[in-house]
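K.L.:
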Amino acid sequence: QKEVEQNSGPLSVPEGAIASLNCTYSDRGSQSFFWYRQYSGKSPELIMSIYSNGDKEDGRFTAQLNKASQYVSLLIRDSQPSDSATYLCAVEAGGFKTIFGAGTRLFVKA
Amino acid sequence: GAVVSQHPSRVICKSGTSVKIECRSLDFQATTMFWYRQFPKQSLMLMATSNEGSKATYEQGVEKDKFLINHASLTLSTLTVTSAHPEDSSFYICSAREDSGQYQPQHFGDGTRLSIL
Chain F
86 QKEVEQNSGP LSVPEGAIAS LNCTYSDRGS QSFFWYRQYS GKSPELIMSI
136 YSNGDKEDGR FTAQLNKASQ YVSLLIRDSQ PSDSATYLCA VEAGGFKTIF
186 GAGTRLFVKA
Chain P
2 GAVVSQHPSR VICKSGTSVK IECRSLDFQA TTMFWYRQFP KQSLMLMATS
52 NEGSKATYEQ GVEKDKFLIN HASLTLSTLT VTSAHPEDSS FYICSAREDS
102 GQYQPQHFGD GTRLSIL
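Order-wise, the sequence lines are chains F and P.
Position one of the first sequence corresponds to residue 86 (this note's numbering), numbered consecutively onward.
Position one of the second sequence corresponds to residue 2 (this note's numbering), numbered consecutively onward.
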């Protein structure tokens, strides 16, 4: 069974620090990887997509992909209290289905 | 960016009522849409994959006759919770995926909070 694993947290970081969120996946054939942010009581929103090995930066967010290690991560620089949310890692599983991790809860302390 | 509209945002109704939730892709075509359910402090759970013009594909353990899905056009999918009971109370979220190209992400609607009394 294809799986996506995340540490449930909570991950607590001080304001201004770098938050590092990690994800591993089981399907070596996966080609597409996504990070979503979900605030409490709200639906997920897409924040990053990554398809190639290496880093992809968008503002304060950097996604990192290592297909050989089946590992994808999200770095949030200059973390703000408003970044406090659950972050979902999602991996394309083929056949238009996406497998979501259970999410990592992030708390940014002011 | 891709926008998915979901209505209603909240429903409160009596046990035994059937409830219809709509999911629309506003600025893109979506042959495939997805329906999720999420209980408080739990993960997203995929209920079914909605396919335009054909029957939905349900995940194991999800009752087809209880959760009716219709995907009649490239921009609209509906989920009907039939004869809802208190245990059906949950946060229901739809998502849609653009047809253009491979590897497109899913875009989520705002969700529907269903409360059955």
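C-beta atoms are modelled at their ideal positions from N, C-alpha and C, and glycine is treated no differently.
The structure displayed is predicted, hence computed values, not measured ones.
What span of residues does the beta strand (DSSP E) with Ser91 of chain P cover, start to end?
P.N.:
91 to 98 is the span of the beta strand (DSSP E), which, as asked, contains Ser91 of chain P.
K.L.:
How many Å lie between Cys174 of chain F and Phe118 of chain F at the Cα?
P.N.:
Spanning the two alpha carbons is a distance of roughly 7 Å.
K.L.:
Is the shortest distance between the beta-carbon of Phe109 of chain P and the beta-carbons of chain F less than 8 Å?
P.N.:
Chain F, which has a Cβ nearer than 8 Å to the Cβ of Phe109 of chain P, makes this yes.
K.L.:
Please decide whether Ile70 of chain P counts as near chain F, where near means a Cβ-Cβ distance under 8 Å.
P.N.:
For Ile70 of chain P, the answer is no, since every Cβ of chain F falls outside 8 Å of its Cβ.
K.L.:
Would you call the region 15 to 34 of chain P and the region 112 to 132 of chain F touching, i.e. three or more CB-CB distances under 8 Å?
P.N.:
Flag = no, the region 15 to 34 of chain P and the region 112 to 132 of chain F do not touch.
K.L.:
DSSP on Ser154 of chain F, reduced to helix/strand/coil?
P.N.:
Three-state result, Ser154 of chain F: coil.
K.L.:
Tell me whether the region 9 to 17 of chain P and the region 92 to 99 of chain F touch, counting them as touching only if at least three CB pairs, one residue from each stretch, are closer than 8 Å.
P.N.:
These segments do not touch.
K.L.:
What distance in whole Å lies between the Cβ atoms of Arg98 of chain P and Ala31 of chain P, which are believed to be in contact at a cut-off of 8 Å?
P.N.:
Right, the Cβ-Cβ distance comes to about 6 Å (below 8 Å), so this counts as a contact.
K.L.:
What first and last residue would you give for the beta strand (DSSP E) that runs through Ser92 of chain F?
P.N.:
The residue asked about is misnamed: residue 92 of chain F is Asn in this sequence, not Ser. Careful: Asn92 of chain F lies outside any beta strand (DSSP E) and carries neither H nor E.
K.L.:
Got a sec? Which residues, its chain only, sit under 8 Å from Met133 of chain F by beta carbon, not counting five neighbours each side?
P.N.:
The answer, listed in chain order, is Phe119, Trp120, Lys141, Asp143, Phe146, Ala148, Leu159.
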